[in-house]
Amino acid sequence: MKMGRRRSSPIKKLLIIIIIIAVAFIAIDGCMWPSISNISEVYAQNIAEKAFNNAVDAALAENGISYSQLVTLQKDDSSQISAIQTDTVKMNQLKAKISDKIMENLSSSEYSEFKVPIGTFTGSDLLMGRGPKLSFKLQFAEGVLTSYENVFESAGINQTLHRIMLKVTTTVYLVSSWHSTSVEIASSYLIAETVLVGSVPNVYANIAAGASGMSGEASHAE
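With the numbering used here, the residue at position 156 of the sequence shown is 495, and numbering never jumps.
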């Protein structure tokens with residue numbers, strides 16, 4: 340009399356399935372996470388910069404800021420520029436308005452989540468943009484850091500281009516179903532500029548550094 344084959348218990352089958360899924364998940368996670376991390380950071384960078392751009396554009400449009408409103412050129416007896424004096428009150432007011440608008444934008448649902456097709460993470464052109472989508476939630480730091488920077492560039496013979504730049508920095512936390520990471524995002528935006536005519540060698544040492552976040556040491560590009 341032949342004995343019938345002993346059937347595998349449902350629990351044993353379930354354990355095997357769980358082990359297979361776990362091994363596959365670990366393998367995929369190890370291979371794909373670097374790609375997922377890099378690509379998702381690029382998406383987060385683009386989203387944050389969009390929020391930054393919209394905030395800066397809106398603040399400048401609302402306040403009608405011009406170079407002459409922020410900067411006073413001081414000249415000596417021979418009409419040569421001897422120093423640049425910044426309006427610290429207006430500079431700080433503008434910076435505060437931009438910061439508020441950035442935080443308002445970042446808190447909007449438009450910037451809180453994005454999805455990427457899983458095929459995009461494989462690096463294959465054939466699979467790019469295909470497959471189920473992985474969801475990522477963006478959690479932004481509770482504040483943004485803003486600081487001004489003076490940039491001087493040669494604009495021709497006896498001419499110097501002076502730019503006032505605003506650097507915006509924040510931290511973004513990327514959260515997915517099984518991983519989370521953070522990335523620091525920094526961008527610079529042109530606030531105002533003008534061409535200074537004449538010899539300006541002493542300007543670099545005489546820039547007012549009284550405004551919060553205004554660098555007293557200007558960048559100088561040839």
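Backbone N, C-alpha and C define an ideal beta-carbon position, used for all residues, glycine too.
All values reported here derive from a predicted model rather than from experimental measurement.
Review point. When you compare only the Cα positions, how much space is there between Glu452 and Gly495?
Key: Glu452 and Gly495: Cα-Cα distance of roughly 47 angstroms.
Exercise for review: Please state whether DSSP places Phe480 in a helix, a strand or coil.
Suggested key: The identity of residue 480 in the sequence shown is Ala, whereas the question assumes Phe. Judged by DSSP in its simplified three-state form, Ala480 adopts coil rather than helix or strand.
Review point. By a C-beta neighbour count over all protein chains shown, 10 Å radius and 16 as the cutoff for buried, is Leu445 buried or exposed?
Key: Classification of Leu445: buried, given that the 10 Å Cβ count is 16 or more.
**Study point:** Short CB-CB distance (under 8 angstroms) between Glu380 and chain D
**Key:** Note that chain D does not occur in the displayed structure, where there is just one protein chain.
Exercise for review: Tell me where the alpha helix (DSSP H) around Leu419 begins and ends.
Suggested key: In the sequence as displayed, the identity of residue 419 is Gln instead of Leu. Per DSSP, Gln419 belongs to no alpha helix (DSSP H) and is neither H nor E.
Check your understanding: So what's Ile386 in DSSP terms, helix, strand or just coil?
Key -> Annotated three-state conformation of Ile386 is helix, per DSSP.
Point to revise | Nearest neighbour of Met504, chosen from Val514, Leu477, Gln498 and Thr533 [CA to CA] | key: Taking the Cα of Met504 as reference, the smallest distance to any Cα among Val514, Leu477, Gln498 and Thr533 is reached at Thr533.
**Study point:** Three CB pairs or more closer than 8 angstroms across the segment 479-488 and the segment 505-519
**Key:** Between the segment 479-488 and the segment 505-519, the count of C-beta pairs closer than 8 angstroms reaches three or more; the two stretches touch.
Point to revise | DSSP three-state assignment for Leu354, whether helix, strand or coil | key: If DSSP states are grouped into helix, strand and coil, Leu354 belongs with the helices.
Point to revise | Local conformation of Ala435 per DSSP, three classes | key: Ala435 falls in the helix class under three-state DSSP.
**Study point:** Where Asn489 falls: helix, strand or coil (DSSP)
**Key:** Shown here, Asn489 sits in a strand according to DSSP, grouped into three states.
Exercise for review: Report the residue from Ile386, Gln419, Asn392 and Asp426 whose alpha carbon sits nearest the alpha carbon of Gln408.
Suggested key: Here the closest residue by C-alpha is Asp426.
**Study point:** As assigned by DSSP and simplified to three states, the class of Met504
**Key:** Met504 falls in the strand class under three-state DSSP.
Review point. Is DSSP giving Ile404 helix, strand or coil here?
Key: Coil, per DSSP.
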